[in-house]
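Novice: One structure follows; several queries about it will come next.
In full-length UniProt numbering, the protein residues as written are 1 to 561.
Okay, here's the thing in structure tokens:
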């Protein structure tokens, strides 16, 4: 019997953190209604309140959070139940309402097998035997299209790929046939092809079981793929909500327009990406509307040449720890990078792009081939011999928080590499250089006395960029350096990287699984698959007319608004 009551109803919800004058309002006067079988997309930048909303529904808010007012009602057996009551939510959580978290590696227990973790939830909520739970898990693994269910049941999280771990989390969420699933950024760090399969899977399973889905993300392209309705949040408030088709074709709020415009597109290539401030102010600067022209660097000298490079890693060891089998991570790769250009390096997880990027900087040993940096083969060089060249070639990591020492202030972080490489003759001159670099990357001087945890993700990435640039390199490898950032922050960082390239005459290798970003940044493109180069050439030509079926698959998998 179909109920007239909504599955979930949130009314006038206000959530704050802290007390008194220090209190910060994270969610303000939120109203949301969700029906069975409906998918609602909640979009917004970090700090918009979307994840706090999901934690409130699950009853998982931190002790420092205060629900100042409002209600969260959930339908059970044709009656509305108060989810703000701790006893009620304890009985419902996991069984009636399930959550898929953003980072499966930290959400899964590393000391238990994947199968046992899913089975534990089934035994707890469905009160069945271990054998029945195991059969249910194997059935779920097949539903979420996991290969070799029995093998993966007995595997540990670290033995699975990112996409497989996320499917385990989806299986866990589905294990007790919930009425509502909350998916918090479940595909942010996944390759486009894996992301597409995960989105299709969620959509099919929700339609099949008439399950309500709240899909939280900062990527409007993803929302367009999966959601029926969308709710746009900014600083804790709902700015706009309605059917996806209406919001995306005719957005009324300036912030929604900004989110739609910030993401690089395949059909446009502006000189500068618009950022939120352009729309929240007095309009978009004119230079954003002009098409970006990629310069032909073919007459420039090669700064980097990679010739027939091969890298192996041990995949199995005997009881003595001696390798018995090897994985060919980079297989006979050859390409070059001209001075002043940006070479894009794309491919799915495990294709070898990060290993290749690190081998170029001698952070990973290569086993055969040549890497010529400014005509000098760096493979035979010792670390001591390579040190003068390391100053000229730097790396910007994917995770800025993990790559910054939490015990160092920003000032100390920037000063250390200058001392190591003996840049300038005194700390006074070095600090002057650091002050100039802070201006270049758009951070205030006051940031120099702060620690990494005091900054947002975008600010931390700017610190990493400043650290790479203070020693005046010529060549920078950007390894997934914007993949974890919100689209608006991502646009700011991409604009900054392009500005700095012109200012300092830099050469980039830009590694990413996001083909929209790579197209915007790159002059030429190398597509990798299973350790080999699948295709390479000018970025515009590859996107317009890909020669490889694999490249076409990657391009077709990109979510389009």
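No residue lacks a Cβ here, since even glycine has one placed at the ideal position from N, Cα and C.
Keep in mind that this is a model prediction, so the values were computed, not measured.
Indicate whether residue 90 and residue 59 have their beta-carbon atoms separated by less than 9 angstroms.
Specialist: Contact: yes.
Novice: Where does residue 595 land, buried or exposed, given buried means 16+ other C-beta within 10 angstroms?
Specialist: Any property of residue 595 remains undetermined from this structure, which presents the chain solely from 1 to 561.
Novice: In or out: residue 544 buried (at least 16 other Cβ within 10 Å) or exposed?
Specialist: So residue 544 ends up on the exposed side.
Novice: Which ranges does the alpha helix (DSSP H) cover as unbroken runs of at least 4 residues, wholly within the region 63 to 89, from first to last along the chain?
Specialist: Here no run is fully enclosed.
Novice: With DSSP run on the structure shown, which of helix, strand or coil describes residue 498?
Specialist: Three-state DSSP puts residue 498 in a helix.
Novice: Which complete alpha helix (DSSP H) runs does the region 6 to 42 hold, if anything under 4 residues is left out?
Specialist: Counting only runs of 4 or more, we get nothing.
Novice: Should residue 218 go down as buried or exposed, given a rule of 16 or more other Cβ atoms within 10 Å for buried?
Specialist: By the 10 Å Cβ count, residue 218 comes out buried.
Novice: Identify, in the order they occur along the chain, each residue of the same chain with its Cβ nearer than 6 angstroms to the Cβ of residue 75, setting aside the five sequence neighbours on each side.
Specialist: Cβ within range, chain order: 5, 7.
Novice: When the distance is taken between beta carbons, is residue 376 closer than 9 angstroms to residue 389?
Specialist: Yes, these two residues count as a Cβ contact at 9 angstroms.
Novice: Buried or exposed for residue 359, going by 16 or more other Cβ atoms inside 10 Å?
Specialist: Buried, because 16 or more other Cβ atoms sit within 10 Å of the Cβ of residue 359.
Novice: Excluding the five sequence neighbours on either side, which residues of its own chain have a C-beta within less than 6 angstroms of the C-beta of residue 400, listed in chain order?
Specialist: If we look at residue 400 and ignore the five residues flanking it on each side, its Cβ neighbours are 460, 461, 464.
Novice: What ranges does the beta strand (DSSP E) occupy inside the region 94 to 163, keeping only unbroken runs of at least 3 residues that lie completely in it?
Specialist: Taking only runs of at least 3 residues, the beta strand (DSSP E) segments lying wholly in the region 94 to 163 are 97 to 100.
Novice: On the criterion of 16 or more Cβ atoms from any shown chain inside 10 Å, does residue 234 qualify as buried, or is it exposed?
Specialist: Its Cβ being crowded by 16 or more others within 10 Å, residue 234 is buried.
Novice: Quick check: the Cα distance between residue 552 and residue 546, rounded to an integer number of angstroms?
Specialist: C-alpha separation (whole angstroms): 6 angstroms.
Novice: If you count every other CB in all the chains shown that lies within 10 Å of the CB of residue 505, and 16 or more means buried, which is it?
Specialist: Under this definition residue 505 is an exposed residue.
Novice: Going along the chain, which residues of its own chain have a beta-carbon closer than 8 angstroms to the beta-carbon of residue 143, five neighbours each way excluded?
Specialist: Excluding positions up to five away in sequence, the list reads 171, 174, 205.
Novice: Run the CB neighbour count on residue 77, radius 10 Å, all protein chains shown included, and call it buried at 16 or more, exposed below.
Specialist: Answer is exposed; the Cβ neighbour count stays below 16.
Novice: Please return the same chain residues whose Cβ sits closer than 8 angstroms to the Cβ of residue 244, not counting the five positions on each side in sequence.
Specialist: 41, 223, 224, 227, 228, 229, 230, listed in sequence order.
Novice: Using the Cα positions of residue 93 and residue 517, report the straight-line distance between them to the nearest angstrom.
Specialist: Computed Cα separation, rounded: 38 angstroms.
Novice: Could you check what DSSP says for residue 183 in three-state terms: helix, strand or coil?
Specialist: Note: residue 183 maps to strand in three-state DSSP.
Novice: Is residue 394 helix, strand or coil by DSSP?
Specialist: If DSSP states are grouped into helix, strand and coil, residue 394 belongs with the strands.
Novice: Starting from residue 304, trace the beta strand (DSSP E) in both directions and tell me its first and last residue.
Specialist: Run containing residue 304: 302 to 317, per the beta strand (DSSP E) assignment.
Novice: Name, in chain order, the residues that DSSP records as bridge partners for residue 536.
Specialist: Note: residue 536 sits in a beta bridge opposite 526.
Novice: Quick one: grab the DSSP three-state call for residue 286.
Specialist: Residue placement at residue 286 is flagged as unreliable, the pLDDT there being 41, under the threshold of 50; the coordinate-derived value follows with that caveat. Note: residue 286 maps to helix in three-state DSSP.
Novice: Quick check on residue 370: does DSSP put it in helix, strand or coil?
Specialist: DSSP places residue 370 in strand when its eight states are reduced to three.
Novice: Between the alpha carbons of residue 391 and residue 423, how many angstroms are there, rounded?
Specialist: Their Cα atoms are separated by approximately 9 angstroms.
Novice: Touching or not, the region 299 to 306 and the region 319 to 326, by the rule of three or more beta carbon pairs under 8 angstroms?
Specialist: No contact exists between the region 299 to 306 and the region 319 to 326.
Novice: To the nearest angstrom, how far is the alpha carbon of residue 252 from that of residue 196?
Specialist: The alpha-carbon atoms of residue 252 and residue 196 are separated by roughly 28 angstroms.
Novice: Near residue 18, what residues of its chain come up, given a Cβ to Cβ distance below 8 angstroms and the 5 sequence neighbours on each side ignored?
Specialist: Once the five neighbours on either side are set aside, the close Cβ partners of residue 18 are 24, 64.
Novice: Residue 186 and residue 100 - do their beta-carbons sit closer together than 9 angstroms?
Specialist: Going by C-beta atoms, residue 100 is nearer than 9 angstroms to residue 186.
Novice: Please list the segments of the alpha helix (DSSP H) lying wholly inside the region 415 to 479, counting only runs of 4 or more residues, in order along the chain.
Specialist: Fully enclosed alpha helix (DSSP H) runs of 4 or longer: 427 to 440, 457 to 469.
Novice: Just to confirm, is the Cβ distance from residue 413 to residue 467 under 9 angstroms?
Specialist: The answer is yes: Cβ separation under 9 angstroms.
Novice: Let me check one thing: in DSSP terms, what residues is residue 344 bridge-paired to?
Specialist: DSSP, once it has assigned bridges, lists 510, 525 as partnering residue 344.
Novice: Give the secondary structure of residue 249 by DSSP, where H, G and I count as helix, E and B as strand, and everything else as coil.
Specialist: In the structure shown, residue 249 sits in a helix (DSSP, three-state: H, G or I).
Novice: With C-beta atoms as the reference, is residue 500 less than 9 angstroms away from residue 550?
Specialist: In this structure, residue 550 does not lie closer than 9 angstroms to residue 500 by Cβ.
Novice: Following the continuous beta strand (DSSP E) through residue 336, name the residue where it begins and the one where it ends.
Specialist: 323 to 338 is the extent of the beta strand (DSSP E) around residue 336.
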